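The structure appears right after this line, and notes come after that.
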Amino acid sequence: ETKGEETVTRQSYQQGYVSEPIRTRRGVAFRIRYRLRTAEKKWTHKSEILYGLAGKKAARAILNDRIRDSENRIPEVLDLTVQDFVDAYWRPYLERKQVKPSTKRSYDCGLRLHILPKLGGVRMTDVSPLHIENLVRVGIENGSSPKTVRNLVGLLQSVFSLAVDNDLISRSPVRDKHKPQVGRHEKPVWDARQLKLIVEAVPIRYRSLFQCAMLTGARLGELLGLQWKHIDLASRT
């Protein structure tokens, strides 16, 4: 509204909704509902289930925070999909943090093959813990190892944490319980006879490298980085 030279922005003054206590296997929960303004200036409804609260008053306090945050948000940001956020914010964030190229390649692979095909078109504000649970379930059912799925959950956790830090969402939909258990196994150890057979099977020009690996247990990158200046023949080190 315009009054003289002053412009007044009308507030929505929405109250939102808080349910009565809901008993679940995870304990008492409360469902809250409130409205969000889209980029087309229309209203859309948002629903959440809150756990671990002392009572309805605490749920109402969280609801009020959600309403206040939604009214302070830029409408265009509300329609950001997971794909949009990854392209516009996540990838530049990795560049800014100077993440190693090998790590970025690993992230890109996880996003391209597993995450974006299922969540890329979903708005960031609409992604729920159930979306993450379904992604974990499908991954395991399709034969992905628990370690691979656990890494994907860690990647999602990092992406949504960045969204939380930038006040795009109030809480990440990723929970620690989404991470599958990974069994630990002892790595196989070759005995002296097996090591001797391996070294003897290696071409002469590479044999010193394999002998050094056998005797020191150094990583390949460390071995390949050795130069003559690192060798002291007098002290035999």
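Be aware that the sequence shown starts at 11, since it is given in my numbering, and climbs by one per residue.
Just so it is clear, CB atoms sit at the ideal spot from N, CA and C, and this is done for glycine as well.
Note that the structure is predicted; figures quoted are calculated from it, not measured.
Notebook entry, point to check: Who are the near neighbours of L126 in its chain, counting only those whose CB is closer than 8 Å to its CB and skipping five residues on each side?
Noted result: V92, Q93 and V96
Checklist line | Residues bridged to R194 [DSSP beta-bridge criterion] | finding: DSSP, once it has assigned bridges, lists no residue as partnering R194.
Notebook entry, point to check: Of the residues L145, P156 and L162, which one's Cα is nearest the Cα of C119?
Noted result: L162
Note to self: Could you give the first and the last residue of the continuous alpha helix (DSSP H) run that contains K206?
What the structure shows: A202 to A211
Checklist line | Sequence-distant residues of its chain with Cβ nearer than 6 Å to W130 (five each side left out) | finding: In the sequence under discussion, the amino acid at residue 130 is Gly, which differs from the Trp named in the question. Closer than 6 Å at Cβ, skipping near neighbours: V92 and Q93.
Notebook entry, point to check: Among residues of its own chain, excluding the 5 on either side of L207, which ones have a beta-carbon nearer than 6 Å to its beta-carbon?
Noted result: none
Next item on the list: Please report the residue range of the beta strand (DSSP E) in which T34 lies.
Entry: I32 to T34
Note to self: Between the segment 152-160 and the segment 178-198, can you find at least three pairs of beta-carbon atoms closer than 8 Å?
What the structure shows: yes
Check: Just checking, does the segment 171-183 make contact with the segment 222-236 on the three C-beta pairs under 8 Å criterion?
Finding: no
Margin query: For I42 and R76, which I take to be in contact (beta-carbon distance under 8 Å), what is that distance rounded to the nearest angstrom?
Written below: 7 Å
Margin query: Output needed for H124: all residues of its chain with C-beta closer than 8 Å, excluding positions within five of it in sequence on either side, in chain order.
Written below: L145, G149, S154 and L162
Check: Whose CA, out of K187, D201 and L219, lies closest to the CA of G231?
Finding: L219
Next item on the list: Just the C-alpha distance for K114 and L104, rounded to the nearest angstrom, thanks.
Entry: 8 Å
Next item on the list: May I ask which residues mark the beginning and end of the alpha helix (DSSP H) holding I59?
Entry: From DSSP, I59 is part of no alpha helix (DSSP H) but of the beta strand (DSSP E) over W53 to Y61.
Item checked: H141 - containing alpha helix (DSSP H), residue span -> P139 to E151
Checklist line | Under the three-state DSSP convention, the category R181 falls into | finding: coil
Notebook entry, point to check: Short check: CB of R35 to CB of L90, under 8 Å?
Noted result: no
Notebook entry, point to check: Thinking C-alpha only, which one of E143, V169 and P156 is nearest A98?
Noted result: V169
Next item on the list: Go ahead and label Y61 buried or exposed: buried means 16 or more other beta carbons lie within 10 angstroms of its beta carbon, across all protein chains shown.
Entry: exposed
Item checked: Limits of the alpha helix (DSSP H) - the one that T158 falls within -> P156 to D175
Next item on the list: Look up Y44 in the DSSP assignment and give the residues it is bridged to.
Entry: K56
Next item on the list: Tell me, please, which residues DSSP counts as bridged to G37.
Entry: T34
Check: Taking C-alpha atoms, which residue in S112, E151 and G26 lies nearest to E5?
Finding: Residue 5 falls outside the range modelled here, since the chain spans only 11 to 247, and no answer is possible.
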